[in-house]
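Q:
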Amino acid sequence: MWHKPQLLTALADLLMLVAAAALLAAGAVWLVRVPSLPVKQVVFVAPLEHVRRGEIEQVLPSALRGNFFSLDLESVRLALEQLPWVRRAQVRRVWPATVEVAVEEHKAVARWGEGYAEMVNSHGEVFAALLPESEMRALPLLSGPPGTGREVLERFAAFNEALAGVGERAVQLSLSPRLAWQLKLENGMRVEIGREHPKSPVGPRLERFVAVYPSMVAGLPVLPTVVDLRYPNGFAMKVAGEGKGK
C-alpha cells in the first residue's frame with residue numbers, strides 16, 4: 001500500500017472528511033447544549049386585537065425550552081394556536097436571541113349555533129371565543145349541522161345580496177338537520193325557504209319573492225310575520241292575527 005501514492009492520498013482525504021464530520025457533529029452538540037445562547041425575547045410582528053398578553057404568558061413558557069438553536073419552533077406554534085382567537089401562527093428564529101411570531105387572528109363575521117360562545121370567521125370556520133356582549137349581539141346569527149359553517153356563510157352572503165335590491169337585510173340564517181333554509185330579516189319577518197331541489201333551487205325561489213316584494217309586500221299596512229317560499233309556483237304570507245294567503 002505504501003507504494004501506491006494514489007491510494008494513500010484517497011485514504012488521507014477520507015480521514016480528513018471523517019475528522020471534519022466529527023468536528024461538525026461536536027459543534028452541533030455544543031450549540032444545542034450551550035447555555036449561553038438563550039432566547040431573550042419573543043417579538044410579535046403586528047399588534048394583536050383580541051389575543052391578550054396574559055393568555056400568551058400562560059402558554060409560551062412551557063414551549064420556550066432550550067436555547068436559540070434547540071428551541072422547538074413547532075411546539076411554540078402549536079402552543080399559540082391553542083389560544084381561542086389565534087387562527088394560525090408562524091414562528092422563526094432571528095439571530096442572535098429572538099423568536100419572531102406572526103399571528104393571524106380569527107376575523108369574526110357572525111355568531112354560530114346558540115350564539116353564546118361560538119363564532120364563524122371570514123373563512124367559514126367555526127371557532128370558540130368570546131366578545132363583549134354588545135359586540136356579539138351586533139353580529140348576525142348563523143347555525144347549521146356540524147361542518148356546514150362555510151356553506152351557511154356563503155348562502156348568507158348570497159341571500160343578503162338578493163335582499164339588498166329591496167332594501168332588506170337578513171340577520172339570521174339557519175340550516176336545519178333536514179337541510180332546510182330559514183331566514184330572519186332585520187324587520188322581524190321570517191322567511192321559510194325550504195330545502196334545495198333540482199327543479200326549484202333555493203336561490204331562484206328567494207329571487208322570485210324579491211321580484212314581487214315592492215308591489216306585493218312592501219305596500220301592505222302590516223308586514224307579514226312569516227313568508228313561506230316552499231311552493232313550486234308561488235309563496236304564502238302570514239300576517240299576525242290573520243290566516244295565510246298566496
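First residue of the sequence shown: 1, per the numbering used here; consecutive thereafter.
Heads up, the beta-carbon is just placed ideally off N, CA and C, and yes, glycines get one too.
1) Report the residue from R190, G203, P198, E196 whose alpha carbon sits nearest the alpha carbon of M237.
2) Compute the distance between the beta-carbons of L142 and A110, then report whether it is under 9 angstroms.
3) Counting pairs of beta carbons, one from the segment 45 to 55 and one from the segment 75 to 95, are three or more of them closer than 8 angstroms?
4) At the level of alpha carbons, what is the spacing between L64 and E49?
5) Taking the alpha helix (DSSP H) that V239 belongs to, which residues open and close that run?
6) Ordered along the chain, which non-local residues of its own chain (more than five positions away) have a Cβ less than 6 angstroms from that of H106?
7) Determine the closest residue to F159 out of A170, E151, R150, with distance taken between C-alpha atoms.
8) Can you tell me where the alpha helix (DSSP H) with V222 in it begins and where it stops?
9) Which partner residues of N121 appear in the DSSP bridge assignment?
10) Report the residue from E161, G147, F69 whose alpha carbon sits nearest the alpha carbon of P96.
11) For R88, does the three-state DSSP call read helix, strand or coil?
12) Can you tell me where the beta strand (DSSP E) with V191 in it begins and where it stops?
13) Between the alpha carbons of S75 and L83, how many angstroms are there, rounded?
14) Roughly how many angstroms lie between the CA atoms of E154 and G124, to the nearest whole one?
15) Taking a contact to mean a Cβ-Cβ separation below 9 angstroms, would you say V99 touches V39 in this structure?
16) Please return the same chain residues whose Cβ sits closer than 6 angstroms to the Cβ of H197, not counting the five positions on each side in sequence.
A: On the basis of the coordinates in this document:
1) In the sequence shown, the residue the question calls residue 237 occupies position 237. Nearest option by C-alpha distance: R190.
2) In the sequence shown, the residue the question calls residue 142 occupies position 142. In the sequence shown, the residue the question calls residue 110 occupies position 110. Cβ distance < 9 angstroms, so L142 and A110 count as in contact.
3) The segment 45 to 55 vs the segment 75 to 95: in contact.
4) To locate residue 64, count along the sequence shown from 1; it is residue 64. To locate residue 49, count along the sequence shown from 1; it is residue 49. One C-alpha to the other measures close to 23 angstroms.
5) Position 239 of the sequence shown, counted from the first residue, corresponds to residue 239. Premise fails: V239 is in no alpha helix (DSSP H) and is neither H nor E.
6) The count along the sequence shown starts at 1 and reaches residue 106 at position 106. Counting only residues of its own chain and dropping the five nearest sequence neighbours on each side, H106 has a CB closer than 6 angstroms to the CB of W85, R87, N121, F127.
7) Looking up residue 159 in the sequence shown gives position 159. If we check each option's Cα against that of F159, A170 comes out closest.
8) Mapped onto the sequence shown, residue 222 falls at position 222. It is not in any alpha helix (DSSP H) - V222 carries neither H nor E in the DSSP assignment.
9) Locating residue 121 in the sequence shown gives position 121, counting from the first residue. According to DSSP, which records beta bridges pairwise, N121 is partnered with A108.
10) Stepping through the sequence shown from its first residue, residue 96 is reached at position 96. Closest in alpha carbon position to P96, among E161, G147, F69, is F69.
11) As a working mapping, residue 88 is identified with position 88 in the sequence shown. Per DSSP, reduced to three states, the secondary structure at R88 is strand.
12) Locating residue 191 in the sequence shown gives position 191, where the first residue counts as 1. For V191, the enclosing beta strand (DSSP E) stretches over residues 190 to 195.
13) For the purposes of this step, residue 75 is identified with residue 75 of the sequence shown, where counting begins at 1. For the purposes of this step, residue 83 is identified with residue 83 of the sequence shown, where counting begins at 1. Whole-angstrom Cα-Cα distance: 13 angstroms.
14) For the purposes of this step, residue 154 is taken as the residue at position 154 of the sequence shown. For the purposes of this step, residue 124 is taken as the residue at position 124 of the sequence shown. Cα to Cα, E154 sits roughly 8 angstroms from G124.
15) Residue 99 sits at position 99 when you count from the first residue of the sequence shown. Residue 39 sits at position 39 when you count from the first residue of the sequence shown. Yes, the Cβ-Cβ distance between V99 and V39 is below 9 angstroms.
16) Counting from 1 along the sequence shown, the entry for residue 197 is found at position 197. Answer for H197: no residue qualifies.
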